[in-house]
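In what follows, a single structure is set out as structure tokens and then discussed.
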Amino acid sequence: MAVIAVDDDEQAINVANDTDYGLQASVFTRDITRAHRIARRLEAGTVSVNCYSEGDNTTPFGGFKQSGFGGRDKSIYAYDQYVEKKTVWIDLS
Numbered sequence: 002m003a004v005i006a007v008d009d010d011e012q013a014i015n016v017a018n019d020t021d022y023g024l025q026a027s028v029f030t031r032d033i034t035r036a037h038r039i040a041r042r043l044e045a046g047t048v049s050v051n052c053y054s055e056g057d058n059t060t061p062f063g064g065f066k067q068s069g070f071g072g073r074d075k076s077i078y079a080y081d082q083y084v085e086k087k088t089v090w091i092d093l094s
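For reference, each letter of the sequence shown is one residue, going 2 to 94 in the working numbering.
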């Protein structure tokens, strides 16, 4: 685990987002409101709070930016990369 000392949350978010990659990020804090606020702004496919985890099979896994292959593995969201969705409207009146 890499640890970079910063002065405040804003600097931490800027340092974390200053990369071409965004697979996973972790936030360590006792303040859950603060964790949610930071997690919303992190440019990462998965954000873990007080741990490191990619989730489980019910959650999508994939990165932002140059991380991954542009899709989401695991969960129902994985199907989106293998299908084309189409809507057809038919008036039968």
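We treat Cβ as the ideally placed atom computed from N, Cα and C, and that holds for glycine.
How would you write the range of the alpha helix (DSSP H) that Val16 sits in, first residue to last?
-> Locating residue 16 in the sequence shown gives position 15, where the first residue counts as 1. 10-18 is the extent of the alpha helix (DSSP H) around Val16.
Leaving aside the five residues before and after Glu44 along the sequence, list all residues of the same chain whose C-beta is less than 7 Å from its C-beta, in chain order.
-> Locating residue 44 in the sequence shown gives position 43, counting from the first residue. Once the five neighbours on either side are set aside, the close Cβ partners of Glu44 are Asn18, Gly23, Phe65, Lys66.
Can you check whether the CB of Ala40 is closer than 9 Å to the CB of Thr26?
-> Position 25 of the sequence shown, counted from the start, is the residue given in the question as residue 26. Position 39 of the sequence shown, counted from the start, is the residue given in the question as residue 40. Here residue 26 turns out to be Ala, not Thr, going by the sequence shown. Yes. Within cutoff.
Close Cβ partners of Ala13 (< 6 Å) along its chain, the five nearest in sequence each way excluded | Locating residue 13 in the sequence shown gives position 12, counting from the first residue. Cβ-Cβ distances below 6 Å link Ala13 to Val7 in the same chain, with the five nearest sequence neighbours on each side left out; the list follows chain order.
Indicate the three-state DSSP secondary structure (helix, strand or coil) for Thr30 in the structure shown.
-> The sequence position of residue 30 within the sequence shown is 29, counting from 1. Residue state for Thr30 is assigned as coil, using DSSP reduced to three classes.
Val28 and Val50 look like a contact to me (Cβ under 8 Å); what is the Cβ gap, rounded to whole Å?
-> Along the sequence shown, read from residue 1 onward, the residue named residue 28 stands at position 27. Along the sequence shown, read from residue 1 onward, the residue named residue 50 stands at position 49. Sure, about 5 Å apart at Cβ, within 8 Å.
Nearest-angstrom Cα separation, counted from Ile5 out to Ser54 | Looking up residue 54 in the sequence shown gives position 53. Looking up residue 5 in the sequence shown gives position 4. If you take the alpha carbons of Ser54 and Ile5, they lie about 20 Å apart.
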